[in-house]
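Remarks on the structure that follows.
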Amino acid sequence: MQKIMIIEDDLDIREELALILKNEGYASVIVTNFDCIPEQAVQEHPDLILLDIGLPGRDGFSLCAALQKAVSAPVIFVTSRDAGIDEVRALSLGGDDYITKPYSVPVLLARIKAVLRRTGSSPESVDVLEARGLRLSLTKGMVSANGKTAELTRNELQILSCLMVHAGQIVSRADLIDTLWDNQIYIDDNTLSVNMTRLRGKLSDIGLPDTIKTRRKMGYQL
Amino acid sequence: MTLWEFLSDRSGRIALQLIVAGLTALFLLATGTQPGILIILLIALLLVFLIVNMLDFFRQRTRLLELETILKGLDRKYLFAECIPPPKGLYEQRLFDLTRRAGRAMTGAVSDAQARQREYREYVERWVHEIKAPITAARLICRELDGDPRRKLMAELAQIEANIERTLFYARAENPEQDCLFRQTDLGKIAAQAIENHRSLLIQSGVRVKTENLNGVVYTDEKWAVFILGQLLQNAARYRRTEPIIILFSKSLGKQIQLVVQDNGIGIPAHELSRVYDRGFTGSNGRIRGGSTGMGLYLCRKLAAFLDLGLQITSEEGKGTVVTLTFPAKENLTKL
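Next up, the structure:
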């Protein structure tokens, strides 16, 4: 399990952040004593550090330099200072990324994943999803079942992968739209319906009609 | 100052001089001075008056021209009294002293006001940064909720954020040079960030956002460009009709790149189009819908001017609005 160190002085934020990271399958260490952070980092040996800039005592910029000397973990600045000059300063001090508050959680998680992948400390991400007899290749955009294959568009691929990740659960239309927007597909309710119809058509072509069930007033279920 | 102005200003004194000359001539005539001598005397006397007055006229005109030039050359006109050479006469020196004292009081008041404004701006910025922490916490806590309440709360939080952003940029627009940082930026990144910032509003409004061919590279301040684009997206989502679509695409115009934001909303009436950038102008659409502040486009225009960003709006009532942002070519930026 990858360990993420949270250096943040706002109690609510760091507790929630730890919880979210735990749900995403990361281990997290919260720094509560802001006196000798580099030493704590050496002890904990994290894979990644989330660093706030406005900290009691020493500010995040100088801390970043000290951390980089102490451990090799990548640093992501998380701060409410959003002037361009701060970002440049953070990145020139060796920060690996810079996120401004208030951030959206999917964005934060995506950035964490990207930094971990870039610095090579991430296990290979999954390329193939399997559920209910379906096999979905995310990189090729192909779905196969019963020896037959169908090619999916980008929208259909995202819809199906979201349903497969939550196989068996009901996924609401609003959640689906949220997931699609996370992936920079900006569609509305009607377009989702159209895409859903096409996706069902393709699935029935490869011999799996009615795999995606409509649950009235609740959403879809695989 | 023209000669005529000078003469009419001096009319009293000149009349007095003429009367004195006339009375002297009468007196001398009565006491038996010969008319020939009298005429020579009068001519000499009038000549002296004429020369004195002409000298006065030229001296005053030169002085005024000099002061005029100094004032024109001054960056801060209220420092005028500090910059002019002191006059010679006692009376004028006293006047000059009074003016200078008044000027100093004004300089003090101006610098006090500037300091207060700077402090206020700094306070607003600090406040904005402080308020972001609880909003971030609220967002994280929201994740624990399910479905509808979460979405609604997220939308409300997004609304709060959008308002706070406007406050921050309003404060920044006063001294833009302090925060502005021109860098090479991907147009697609600007668009994605602006859409992400306002996704709650866009999704809730049922808007479909199409992005086409947004792979240009522009030279601008990313944060400001995202803010400006965000205002345009908010407007497009607010003033929508049924089945709203927003299309974002880029065009190249010689060395410049244009970003076009096109919607199929209610549009802006032609006679209001020239006033949409006015501070506080909400227009008939804003009055009917309510909730408009009239600040969005005002700020856009102000910030765009500083970024050297062209901002052009065309609209047809009932059909939609097209906003074109023209990013400056790299070569032109060195002039800024």
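Protein chains in written order, with the working numbering: chain A, 138 to 359; chain B, 2 to 337. We treat Cβ as the ideally placed atom computed from N, Cα and C, and that holds for glycine.
My output table needs one value for A:Arg335: the three-state DSSP class, helix, strand or coil. Three-state DSSP puts A:Arg335 in a helix.
Is the beta carbon of A:Gly231 less than 9 Å from the beta carbon of A:Lys285? Result no, Cβ atoms of A:Gly231 and A:Lys285 do not sit closer than 9 Å.
Start-to-end residues for the beta strand (DSSP E) that takes in B:Phe250: Ile246 to Leu254
Close beta carbons around A:Glu152, own chain, < 6 Å, minus the five adjacent residues each side: none
From which residue to which residue does the alpha helix (DSSP H) around A:Glu288 run? Unbroken run through A:Glu288 is the beta strand (DSSP E), Lys285 to Glu288; no alpha helix (DSSP H).
Establish whether the CB of B:Ile196 and some CB of chain A are separated by less than 9 Å. Yes - at least one Cβ of chain A is within 9 Å of the one on B:Ile196.
Between B:Gln1 and B:Ala156, which are expected to be in contact by the criterion C-beta below 8 Å, what is the C-beta distance as a whole number of angstroms? The displayed coordinates of chain B run from 2 to 337. Any statement about residue 1 of chain B would go beyond what the structure contains.
Contact residues within the region 325-338 of chain A, judged by C-beta distance below 8 Å to chain B: Asp325, Asp326, Asn327 and Thr328
Return the bridge partner residues of B:Ser316 from the DSSP annotation. B:Thr322
What does DSSP give as the partner residue(s) for B:Val277 in the beta ladder? Paired residue(s): none; B:Val277 is not in a bridge.
Taking contact to mean 3 or more Cβ pairs, one atom from each stretch, closer than 8 Å, check whether the region 287-303 of chain B and the region 242-257 of chain B are in contact. no
Starting from the beta carbon of A:Gly221, find every residue of chain B whose beta carbon is closer than 8 Å, and list them in chain order. Asp180, Cys181, Leu182, Arg184, Asp222, Glu223 and Lys224
From B:Ala134 to A:Ile150, what does the alpha carbon distance come to, in whole angstroms? Each residue's Cα considered, the two are about 8 Å apart.
Below 9 Å on C-beta distance, what does B:Gly207 contact in chain D? This model lacks chain D altogether; the protein chains it does include are A and B.
In chain B, what lies closer than 7 Å to A:Pro239 by C-beta? For a Cβ distance threshold of 7 Å, residue set Lys133, Ile136, Thr137, Arg140 and Glu162 of chain B lies close to A:Pro239, ordered along the chain.
According to DSSP, simplified to helix, strand and coil, what is A:Asp234? strand
What do you get for B:Leu337, buried or exposed, if any count of 16 or more other CB atoms within 10 angstroms of its CB means buried? Note that B:Leu337 scores a pLDDT of 49, beneath 50, so its modelled location is shaky and nothing firm can be said.
Determine the chain B residues that contact A:Ile314 at a beta-carbon separation under 7 Å, and present them in chain order. Ile204
Quick one: what's A:Met355 bridged to in DSSP? A:Met355 is not bridged to any residue.
So, helix, strand or coil for A:Gln306, using DSSP? A:Gln306: coil per DSSP, three-state reduction.
Stretch pair the region 183-193 of chain B + the region 209-216 of chain B: three plus CB contacts closer than 8 Å: yes
Assign B:Glu145 to buried or exposed, taking buried as 16 or more other Cβ atoms, counted over all protein chains shown, within 10 Å of its Cβ. exposed
Identified DSSP bridge partners for A:Ala164: Under DSSP, the beta-bridge partners assigned to A:Ala164 are A:Lys140.
What are the uninterrupted segments assigned as beta strand (DSSP E) that are 3 or more residues long and contained completely in the region 190-247 of chain A, given in chain order? 212-216 and 234-237
With respect to the alpha helix (DSSP H) encompassing B:Glu1, which residues constitute its N-terminal and C-terminal limits? Any property of residue 1 of chain B remains undetermined from this structure, which presents chain B solely from 2 to 337.
At the level of alpha carbons, what is the spacing between B:Met2 and B:Gln61? When only Cα atoms are considered, B:Met2 and B:Gln61 end up about 8 Å apart.
Thinking C-alpha only, which one of A:Val331, A:Val302, A:Arg272 and A:Arg254 is nearest A:Asn292? A:Val331
Consult DSSP for B:Val340 and reduce its assignment to one of helix, strand or coil. Here chain B covers residues 2 to 337 and nothing more, so residue 340 of chain B does not appear.
Short-range partners of chain B found in the region 140-169 of chain A, where Cβ spacing is below 7 Å: Asp147, Asp149, Ile150, Glu153, Leu154 and Ile157
Bridge partners for A:Ile186 per DSSP, in chain order? BP columns for A:Ile186 point to A:Met142 and A:Val212.
Does any C-beta atom of chain B lie closer than 9 Å to the C-beta of A:Gly194? No, because no Cβ of chain B sits closer than 9 Å to the Cβ of A:Gly194.
Measuring only the C-alpha atoms, how far is A:Thr256 from A:Leu228? About 15 Å.
Between the region 233-252 of chain A and the region 296-307 of chain A, do three or more beta carbon pairs fall short of 8 Å? no
With H, G and I counted as helix, E and B as strand and the rest as coil, what does DSSP make of B:Lys73? helix
Assuming B:Ser206 and B:Pro150 make a contact with CB atoms under 8 Å, what is their CB distance in whole Å? About 19 Å separates the two Cβ atoms, so there is no contact after all.
State the Cα-Cα distance for the pair B:Tyr124 and B:Arg241, rounded to the nearest angstrom. 36 Å
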